[in-house]
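Notes follow the structure.
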Amino acid sequence: TVYSPVQPDPDAVAFASDKPLLLSLIDTRTYESGYARVSANGGVPHTLLKAPEIVNGTRTVFNAGLHDLTRPPLVARHADRYVFARESFREYRDLWASDSDFTKPVKVTDANPQQAKYRWGTERLIDYKAADGTPLRAVMLIPDGLAKDRKAPLLLYFYETFSSTLHSYYTPAPGTSPNLSRYVSNGYVVVLPDVHYRVGHPGASAVNCLLPAVDAAVRTGYVDPNRVGIAGHSWAAYQINYLITKSHRFRAVEAGAAVDDMISAYSGIRLESGVVRESQYEHTQSRIGATPWDRPDLFMENSGLFGIKNITTPYLTIHNDMDGAVPQFQGIEFITAMRRLGKEAYLFSFDGEEHGLRGREQQKYWTVHLDEWFDHWLKGAPRPAWMNGVDYLHRGERDVHPLYGEPD
């Protein structure tokens, strides 16, 4: 269990040396969270609240250790009362109240009653091993009422570390990435796996970790092994681009705003910050650990562009013209190479949009097409008309608003 001091009194400038400290806690095995108290002189923390939920916090998906960003509860100025939020995959992030010992917390808001109209799901952790034997974990989201003899389609969604996001609530809404609650509600099993990386070989690391995640999901008995898709954005999309050059396991993929050529991307500039990209490959997320002059072999090995001839998986991407994190030409390179080699591939680009969609109308438009993509390939829905091509003069004319309505 990891403990961190929190200060509930907004007027306090420091922790009092003569009073007990309030601590946030997170169990690194179960990802239960809550609060504890410890004497200012030290000793063993006394647990006040521990629940299979995210209590007043958020979780990171970056592979740099567990970061539980827990905030202190709000404290009443003239009463022994705390207010804090708690959530799980099934329970919306409502507010709760209690005394300062967290005895008998009471729910004081019901912000999402309309959820009762919809099918939801349950969450669990699954443990398995990477191809090289490294222990791994993943979050598995299972639709309510799904029997093991009714094999469901599987959607993998990932970034770096997702197991620590257990108990996260996914508000149904359009966006850039698949809305996980929507997919579970519509009969998909969703798995959120972890990836552990070897410096110099980020692409191979993804293969090492992601394919065993599919196998682990299939072993649970809920998943149809022939209806597996994968989606991810940015760094995750890079890994997907590499993965599908090495595996034909996936029925369809969506990879948004991906780097496909590490050589051409290396000396580019992240336009939203002005930062040169070189350090990203030498020292941080891209994990090459060298310059292209010292190790050109690693830059080529880890670039999906050079393996496109091996791809057989239908491919969908979104890459916008004002992307300040990953230059749009990276997505254009990949999609035009796919088309040149006769692969099935589609690109969505929204004028004026950046690395992720910000405009609500654009989010709605893209989400409809993304959902149609996976529903077609993984659930057997009719092939959407846009997959037959949309000419330039009529692009963006489709009205998707009728598809956003109340459930039957």
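Residues in the sequence shown are numbered consecutively from -15, following this note's numbering. Backbone N, C-alpha and C define an ideal beta-carbon position, used for all residues, glycine too.
**Study point:** Cα-Cα separation, T297 to F234
**Key:** What you label residue 297 is simply residue 313 of the sequence shown in a count that begins at 1. What you label residue 234 is simply residue 250 of the sequence shown in a count that begins at 1. Going from the Cα of T297 to the Cα of F234 covers about 7 Å.
Practice item. State the Cα-Cα distance for the pair V212 and V198, rounded to the nearest angstrom. Key: For the purposes of this step, residue 212 is taken as the residue at position 228 of the sequence shown. For the purposes of this step, residue 198 is taken as the residue at position 214 of the sequence shown. Rounded to whole angstroms, V212 to V198 spans 8 Å at the Cα level.
Check your understanding: Taking all protein chains shown into account, do 16 or more other C-beta atoms lie within 10 angstroms of the C-beta of R134, making it buried, or fewer, making it exposed?
Key -> Counted from its first residue, the sequence shown places residue 134 at position 150. Exposed is the call here.
Practice item. Label H378 either buried or exposed according to how many other C-beta atoms from any shown protein chain fall within 10 Å of its C-beta, with 16 as the threshold for buried. Key: The count along the sequence shown starts at 1 and reaches residue 378 at position 394. Exposed, since its Cβ has fewer than 16 Cβ neighbours within 10 Å.
Practice item. Round the Cβ separation of A242 and A221 to the nearest angstrom and send it over; I've been treating them as touching at under 8 Å. Key: Numbered from 1 along the sequence shown, position 258 holds the residue referred to as residue 242. Numbered from 1 along the sequence shown, position 237 holds the residue referred to as residue 221. Right, their Cβ atoms sit about 3 Å apart.
Review point. In the structure shown, what three-state DSSP assignment does P156 receive?
Key: Within the sequence shown, the letter at position 172 stands for residue 156. Coil at P156, not helix or strand.
Exercise for review: Would you kindly work out how many angstroms separate the C-alpha atoms of R323 and K230, rounded to a whole number?
Suggested key: Reading the sequence shown from its first residue, position 339 is the one you call residue 323. Reading the sequence shown from its first residue, position 246 is the one you call residue 230. Distance between the alpha carbons of R323 and K230 is about 19 Å.
Review point. So what does DSSP say about K348, is it helix, strand or coil?
Key: The residue you call residue 348 lines up with position 364 of the sequence shown. Reduced to three states, the DSSP call for K348 is helix.
Check your understanding: Between the region 159 to 168 and the region 341 to 356, are three or more C-beta pairs nearer than 8 Å?
Key -> yes
Check your understanding: Can you name, in chain order, every residue of its own chain whose Cβ lies under 6 Å from the Cβ of A48, other than the five neighbours on each side?
Key -> For the purposes of this step, residue 48 is identified with residue 64 of the sequence shown, where counting begins at 1. Only weak support exists for where A48 lies, its pLDDT of 48 falling under 50; the value from the coordinates is given anyway. Cβ neighbours of A48 beyond the five flanking positions: none.
Check your understanding: Taking the beta strand (DSSP E) that R21 falls in, what are its first and last residues?
Key -> Indexing the sequence shown from 1 puts residue 21 at position 37. That run of the beta strand (DSSP E) goes 17 to 23.
Review point. For I10, which option in N25, K34, T351, P4 has the closest C-alpha, if you only look at C-alpha atoms?
Key: Position 26 of the sequence shown, counted from the start, is the residue given in the question as residue 10. Residue K34 is the option with its Cα nearest to I10.
Check your understanding: By the 10 Å Cβ neighbour count, where 16 or more other Cβ atoms means buried, how is V183 classified, buried or exposed?
Key -> Translated into the one-based positions of the sequence shown, residue 183 becomes position 199. Exposed: under 16 other Cβ atoms inside 10 Å.
Review point. Thinking C-alpha only, which one of S251, A369, G340 is nearest F283?
Key: Here residue 283 refers to the residue found at position 299 when the sequence shown is read from its first residue. With distances taken between Cα atoms, F283 lies closest to S251.
Point to revise | Touching by the beta-carbon criterion (3+ pairs, under 8 Å), the region 110 to 129 and the region 140 to 147 | key: yes
Exercise for review: Give the DSSP-derived three-state secondary structure of D97 in the structure shown.
Suggested key: Residue numbering aside, residue 97 sits at position 113 when the sequence shown is read from its first letter. Sequence check: residue 97 is Pro here, not Asp. Reduced to three states, the DSSP call for P97 is helix.
Exercise for review: Report all residues from its chain with a CB closer than 7 Å to the CB of E262; omit the five preceding and five following residues, and keep chain order.
Suggested key: Position 278 of the sequence shown, counting from 1, holds the residue named residue 262. Closer than 7 Å at the Cβ level, and outside the excluded window around E262, lie Y250, S251.
Exercise for review: Indicate whether T301 and I319 have their beta-carbon atoms separated by less than 9 Å.
Suggested key: The count along the sequence shown starts at 1 and reaches residue 301 at position 317. The count along the sequence shown starts at 1 and reaches residue 319 at position 335. Cβ distance < 9 Å, so T301 and I319 count as in contact.
Check your understanding: Residues in its own chain within less than 7 Å of A95 by CB, not counting five upstream and five downstream?
Key -> Residue mapping note: residue 95 aligns to position 111 of the sequence shown, counting from 1. Contacts found: Y76, D78.
Check your understanding: Which first and last residues belong to the alpha helix (DSSP H) in which A220 is found?
Key -> Indexing the sequence shown from 1 puts residue 220 at position 236. For A220, the uninterrupted alpha helix (DSSP H) run begins and ends at 219 to 230, by DSSP.
Check your understanding: Can you name, in chain order, every residue of its own chain whose Cβ lies under 7 Å from the Cβ of T93, other than the five neighbours on each side?
Key -> As a first step, residue 93 must be located in the sequence shown, where it is residue number 109. Excluding sequence neighbours, T93 sits near D78, L79.
Practice item. Can you grab the Cα-Cα spacing for the pair V202 / S257, in whole Å? Key: Your numbering for residue 202 matches position 218 in the sequence shown. Your numbering for residue 257 matches position 273 in the sequence shown. In a straight line, the C-alpha of V202 is about 42 Å away from that of S257.
Review point. Can you tell me the Cα-Cα spacing of Y265 and D83, whole angstroms?
Key: Numbered from its first residue, the sequence shown carries residue 265 at position 281. Numbered from its first residue, the sequence shown carries residue 83 at position 99. C-alpha separation (whole angstroms): 49 Å.
**Study point:** Assigned exposure category for S23 - 16 Cβ within 10 Å defines buried
**Key:** Within the sequence shown, numbered from 1, the residue matching residue 23 stands at position 39. Classification for S23: exposed.
Practice item. Just mark H62 as buried or exposed, buried being the case when its beta carbon has 16 or more other beta carbons within 10 Å. Key: In the sequence shown, residue 62 corresponds to position 78, counting from 1. Counting Cβ neighbours within 10 Å, H62 comes out exposed, since fewer than 16 surround it.
Check your understanding: What's the call for A(-4), buried or exposed, on a 16-neighbour Cβ count within 10 Å?
Key -> Here residue -4 refers to the residue found at position 12 when the sequence shown is read from its first residue. So A(-4) counts as exposed.
Review point. Among G315, L125, R70, which one has its Cα closest to the Cα of H217?
Key: As a working note, residue 217 is residue 233 in the sequence shown. Checked all of G315, L125, R70; the closest Cα to H217 is G315.
Check your understanding: So is T(-15) in contact with chain C if we call contact Cβ pairs under 9 Å?
Key -> This model lacks chain C altogether, as it is built from one protein chain only.
Practice item. Closer than 8 Å by C-beta to P196: which residues in its own chain qualify, once you throw out the five before and the five after it? Chain order, please. Key: Position 212 of the sequence shown, counted from the first residue, corresponds to residue 196. Short of 8 Å from the beta carbon of P196, and not among the five residues preceding or following it, lie these beta carbons of its own chain, in chain order: Y112, K113, A114, A115, L120.
Review point. Nearest to V207 by alpha carbon, out of A136, H267, Q99, F73?
Key: Residue mapping note: residue 207 aligns to position 223 of the sequence shown, counting from 1. Of A136, H267, Q99, F73, the residue nearest in Cα terms is A136.
Point to revise | Selected residue, minimal CA-CA separation from Y376, among R70, L331, G41, S152 | key: As a first step, residue 376 must be located in the sequence shown, where it is residue number 392. The residue with the shortest Cα to Cα distance from Y376 is L331.
Review point. Do P158 and R344 have their CB atoms nearer than 9 Å?
Key: Counting from 1 along the sequence shown, the entry for residue 158 is found at position 174. Counting from 1 along the sequence shown, the entry for residue 344 is found at position 360. Yes. Within cutoff.
**Study point:** Helix, strand or coil at H436 [DSSP, three-state]
**Key:** Only positions -15 to 392 of the chain appear in this structure, which leaves residue 436 out of reach.
**Study point:** Straight-line gap, N192 to I38 (C-alpha atoms, nearest Å)
**Key:** Residue 192 sits at position 208 when you count from the first residue of the sequence shown. Residue 38 sits at position 54 when you count from the first residue of the sequence shown. The alpha-carbon atoms of N192 and I38 are separated by roughly 30 Å.
Point to revise | A190 versus P177: straight-line alpha-carbon distance, rounded | key: Counting from one through the sequence shown, the residue named residue 190 turns up at place 206. Counting from one through the sequence shown, the residue named residue 177 turns up at place 193. Going by the C-alpha atoms only, they are around 10 Å apart.
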